[in-house]
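Protein sequences, first through last, are from chains A and B. What the first sequence shows, in the working numbering, is residues -8 to 404, in sequence order. What the second sequence shows, in the working numbering, is residues 24 to 299, in sequence order. Worksheet: one structure, shown below.
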Amino acid sequence: MAGITLDDITKRYDDGYEAVKNLNLEIGDGEFLILVGPSGCGKSTALRMVAGLEDITGGRLLIDGQVVNDRAPKDRDIAMVFQSYALYPHMTVAENMAFPLRLAKVPDAEVKQRVEQTAQILDLTQHLERKPANLSGGQRQRVAMGRAIVRSPKAFLMDEPLSNLDAKLRVQMRAEVSRIQSRLGTTTIYVTHDQTEAMTLGDRVAVMRAGVLQQVDTPKNLYERPDNLFVAGFIGSPSMNFFAARVDGDTLKLPFADVPLDDTHRRALSQSNGRGDLVVGIRPEHFEDAALVGEQASHGVVFEAPIDITESMGSEVYAYFNYEGAGVSHDELAELAADAGAADLPDTEGRAVARLDAETSVAQGEQARLWMDSSRIHLFHEDGRAIRVDGRGAAAVAPEAPGEAGEAEVPRT
Amino acid sequence: MAVDRKRWFGWAGAELIIVVAALFPVLWLLSLSLKTPATVNDGRLIPKTFSFDNYSSIFHQDIFTKALRNSIGIAAISTVIAVVLASMAAYAIARLEFPGKRLILSASLAIAMFPPVSIVGPLYDMWRTLGLYDTWPGLIIPYMTFTLPLAIFTLSAFFREIPWELEQAAQMDGATPAQAFRKVILPLAAPGVFTTAILVFIYAWNDFIFALSLTSTTRAQTVPPAIQSFTGVSQFTAPTGAIAAAAIIVTIPIVVMVLFFQRRIVAGLTAGAVKG
Chain A
-8 MAGITLDDIT KRYDDGYEAV KNLNLEIGDG EFLILVGPSG CGKSTALRMV AGLEDITGGR
52 LLIDGQVVND RAPKDRDIAM VFQSYALYPH MTVAENMAFP LRLAKVPDAE VKQRVEQTAQ
112 ILDLTQHLER KPANLSGGQR QRVAMGRAIV RSPKAFLMDE PLSNLDAKLR VQMRAEVSRI
172 QSRLGTTTIY VTHDQTEAMT LGDRVAVMRA GVLQQVDTPK NLYERPDNLF VAGFIGSPSM
232 NFFAARVDGD TLKLPFADVP LDDTHRRALS QSNGRGDLVV GIRPEHFEDA ALVGEQASHG
292 VVFEAPIDIT ESMGSEVYAY FNYEGAGVSH DELAELAADA GAADLPDTEG RAVARLDAET
352 SVAQGEQARL WMDSSRIHLF HEDGRAIRVD GRGAAAVAPE APGEAGEAEV PRT
Chain B
24 MAVDRKRWFG WAGAELIIVV AALFPVLWLL SLSLKTPATV NDGRLIPKTF SFDNYSSIFH
84 QDIFTKALRN SIGIAAISTV IAVVLASMAA YAIARLEFPG KRLILSASLA IAMFPPVSIV
144 GPLYDMWRTL GLYDTWPGLI IPYMTFTLPL AIFTLSAFFR EIPWELEQAA QMDGATPAQA
204 FRKVILPLAA PGVFTTAILV FIYAWNDFIF ALSLTSTTRA QTVPPAIQSF TGVSQFTAPT
264 GAIAAAAIIV TIPIVVMVLF FQRRIVAGLT AGAVKG
């Protein structure tokens, strides 16, 4: 077990394309870190550089305090679980799991004992003599995990290990991965594009976009205090609603309502020179059916909106409502939409989603009275940076995401 | 149902025609080899009297037994060298990007397309000068020249089929590139290796033109030219029966080899490695 440090890691391909730009990450001993982002954001490349399967163009990679940039994968003592599992089809389950031990010239008796022990942890004991072709997807996945944990490496690297499983199995295996990791306490880097996996599994989550690290924090903090529009839109399902808004004195003019600004937001705005046009983000659960809001109604705003569609989930109801005025067009959000495949859908501009209590009487096609928790709104500059007051009361402007703008100012060669 | 039936008969009929067309000459040879010199020309498929004289006579001829030994040796050595070289070359071509990769591929293809007849003459002169005339290497070299391109093509197709991730997984598991190749890639490419081996072996085994032109004595002469130099018991008898018997004998190793390796040339060996 060991900590892993990525110090200014960069990956540039021969054609000049930079897949990972100046990535700095510190993964503590025994920590479970999730690398998350839309496809093509460089998360897998980053993982493969840690594994040693990709050369590192710039920066230093430390495992257990030692620079390992130039070491072959086999000399880094880390195990990897591949998205495709990459089981050896000509070997049985037992031979697959024994393979790393045999290569390490572990004595036969110990190999046998460790394979059996691992098989027990993963509930594979009765499948040891079978070939991978005869296993189900979930079993193959467990064998791949077994091959990684059998030799107690310094760290596990997992590259979207659950994405080939069907939805139900994925939820089970997610819990399994979490259980195994906490039981073994091995440092783990886990790559996924699924924000739900990221939120449920990790001690900390690192969000990447276009090769640039956007924010690293605990799942809770990412959710509640996103640094920029991209993180705000990426984390959470259904995703955050964004509205174009204007600050006018002490009120925030949203397309569907005027919201009086509370102290914290006012302070954040004044300290970060936030005025004029802004982007406001509101999570679906911070709306509610006005009829169901009790005492807390005081710190919110009630407005009327036509309900387009309702989706009942049993425990809650998603209500899509329309509002007048333009939506927010921002390339970070456009990228998220493209990644979700929503770019091909008819325009969703002018529509927002609210997550209401199952008791609601809001109905499709009717005008509804909705309440919005105005203390939970997120403010963003037009360039995507968050405007907020941090926990200690001081206003903090999130450090500018080194996206295109930052890139232009500080060209790296 | 009716359509299925029709289809089944259609296929069965077509297959029967192909099998008969391919096997009838072999059957005829077998029949000839079992006849006595007096009945060779009687035109019957099933001989009136069965005789194994032809077989015992060819095995008593030095020219045939030595040729058989040469054939087996030369074909086996050519196969081993060609498969080893080709698997390394094919692996590099399938996995690595290096300058001149296309050139190597097209050059080897061009060589394979050269008609052997056109180089036999120059080779004859060169081999005489170099002292390779009428030796085993003198045949092994041209056989490899003509089989390597095909072998490289077949094998690189097989290597390309093997997911690269398997090799990376092996590396992560602590294997050196050589170990990953030997313990993971080669076993998975086994069907390809055996297919290639059979093709090379058959080429070397069946070749007539090089063997005829580049050898002259029992030192290196292989079976095909040796059969051609069979003589009858007297100068007035045609050695038909002996030739037929020799032809049957040299067919056997090929049939055995294909049957033996057929079990290994099964597709889908990689099933289950990765999803899908």
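Every residue gets a Cβ at the ideal spot worked out from N, C-alpha and C, and that includes glycine.
If you measure between the beta carbons of residue i and residue j, is that distance less than 8 Å?
i: A/D20; j: A/T179; result: no
i: A/D253; j: A/T242; result: no
i: A/T116; j: A/G137; result: no
i: A/V24; j: A/R195; result: Looking at the sequence shown, residue 24 of chain A is not Val but Leu. Yes, they are a contact pair.
i: B/P262; j: B/T254; result: yes
i: A/M82; j: A/F90; result: yes
i: B/S129; j: B/A268; result: no
i: B/N77; j: B/A265; result: yes
i: A/T351; j: A/L260; result: no
i: A/L405; j: A/A85; result: Chain A is shown from -8 up to 404; residue 405 of chain A falls before or after that span and cannot be answered.
i: A/I112; j: A/V271; result: no
i: A/G129; j: A/D55; result: no
i: B/P186; j: B/F233; result: no
i: A/L220; j: A/L324; result: yes
i: A/V162; j: A/V198; result: no
i: B/A212; j: B/F182; result: yes
i: A/D218; j: A/A377; result: yes
i: A/A345; j: B/L189; result: no
i: A/H256; j: A/L370; result: yes
i: A/V11; j: A/I18; result: no
From which residue to which residue does the alpha helix (DSSP H) around residue i run?
i: A/K244; result: Element bounds for A/K244: not the alpha helix (DSSP H) but the beta strand (DSSP E), T242 to K244.
i: A/L260; result: D254 to Q262
i: A/E167; result: A158 to L175
i: B/S94; result: D85 to R118
i: A/L347; result: Looking at the DSSP string, A/L347 is not in any alpha helix (DSSP H); the run it does join, the beta strand (DSSP E), is R342 to D348.
i: B/G145; result: The question names Gly, yet the displayed sequence has Pro at residue 145 of chain B. Run containing B/P145: P139 to L153, per the alpha helix (DSSP H) assignment.
i: A/G316; result: It is not in any alpha helix (DSSP H) - A/G316 carries neither H nor E in the DSSP assignment.
i: A/R437; result: The requested residue 437 of chain A does not occur in the structure, where chain A is confined to residues -8 to 404.
Quick one: what does DSSP say residue i is sitting in, helix, strand or coil?
i: A/E151; result: coil
i: B/P247; result: helix
i: A/E215; result: helix
i: A/F225; result: helix
i: B/V281; result: helix
i: A/V353; result: coil
i: B/M167; result: helix
i: B/R28; result: helix
i: B/G299; result: The pLDDT assigned to B/G299 is 37, lower than 50, so where the model puts this residue is not dependable; a value taken from the coordinates is nonetheless given after this. Here B/G299 sits in coil by DSSP.
i: A/D364; result: strand
i: A/Q74; result: coil
i: A/D330; result: helix
i: A/R131; result: helix
Does residue i pass the burial test, meaning 16 or more other C-beta atoms within 10 Å, or should it be called exposed?
i: B/S179; result: buried
i: A/I300; result: exposed
i: B/P248; result: buried
i: B/I40; result: exposed
i: A/E22; result: buried
i: A/A349; result: exposed
i: A/H321; result: buried
i: A/Q57; result: exposed
i: B/L50; result: exposed
Which residues bound the beta strand (DSSP E) around residue i?
i: A/E295; result: G291 to S303
i: A/A197; result: R195 to R200
i: A/Y311; result: E307 to N313
i: A/A236; result: N232 to D239
i: A/G21; result: That residue, A/G21, is in no beta strand (DSSP E); it is neither H nor E in DSSP.
With a threshold of 7 Å (Cβ to nearest heavy atom), would residue i be considered close to the ligand FAD?
i: B/I221; result: The ligand FAD is absent from the structure shown, which contains no ligands of any kind.
- Message: Assess contact between the segment 363 to 373 of chain A and the segment 271 to 282 of chain A, defined as three or more Cβ pairs (one per stretch) separated by less than 8 Å. Is contact present?
- Response: Segment contact: the segment 363 to 373 of chain A against the segment 271 to 282 of chain A, three or more CB-CB distances shorter than 8 Å; contact assigned.
- Segment contact flag, the segment 173 to 180 of chain B with the segment 213 to 233 of chain B, C-beta cutoff 8 Å, min 3 pairs: Touching, yes.
- Kindly confirm or deny that the segment 55 to 62 of chain A and the segment 203 to 214 of chain A touch, where touching means at least three C-beta pairs closer than 8 Å. Pairwise C-beta distances place the segment 55 to 62 of chain A out of contact with the segment 203 to 214 of chain A, as fewer than three of them are shorter than 8 Å.
- Query: Does the pairing of the segment 69 to 77 of chain A with the segment 145 to 155 of chain A give three or more beta-carbon distances under 8 Å?
  - Reply: Cβ pair count under 8 Å is three or more, so yes.
- Query: Would you call the segment 293 to 305 of chain A and the segment 258 to 271 of chain A in contact, with 3 or more CB pairs under 8 Å?
  - Reply: Segments in contact, no.
- Task: Please determine if the segment 60 to 76 of chain B and the segment 186 to 202 of chain B are in contact, where contact requires at least 3 C-beta pairs separated by less than 8 Å.
- Result: Fewer than three pairs of CB atoms, one per stretch, sit closer than 8 Å, so the segment 60 to 76 of chain B makes no contact with the segment 186 to 202 of chain B.
- Message: Can you confirm whether the segment 36 to 49 of chain A touches the segment 226 to 246 of chain A when touching is taken to mean that 3 or more C-beta pairs between the two stretches lie within less than 8 Å?
- Response: With the cut-off at 8 Å, the segment 226 to 246 of chain A and the segment 36 to 49 of chain A do not touch.
- Give a yes or no on contact between the segment 66 to 83 of chain B and the segment 221 to 231 of chain B, applying the rule of three or more CB pairs nearer than 8 Å. No, the segment 66 to 83 of chain B does not touch the segment 221 to 231 of chain B.
- Query: Is there contact here, the segment 150 to 164 of chain B with the segment 232 to 244 of chain B, by at least three beta-carbon pairs under 8 Å?
  - Reply: Counting Cβ pairs under 8 Å, three or more are found: they touch.
- Item | Segment contact flag, the segment 184 to 194 of chain A with the segment 216 to 230 of chain A, C-beta cutoff 8 Å, min 3 pairs | Short answer: they touch.
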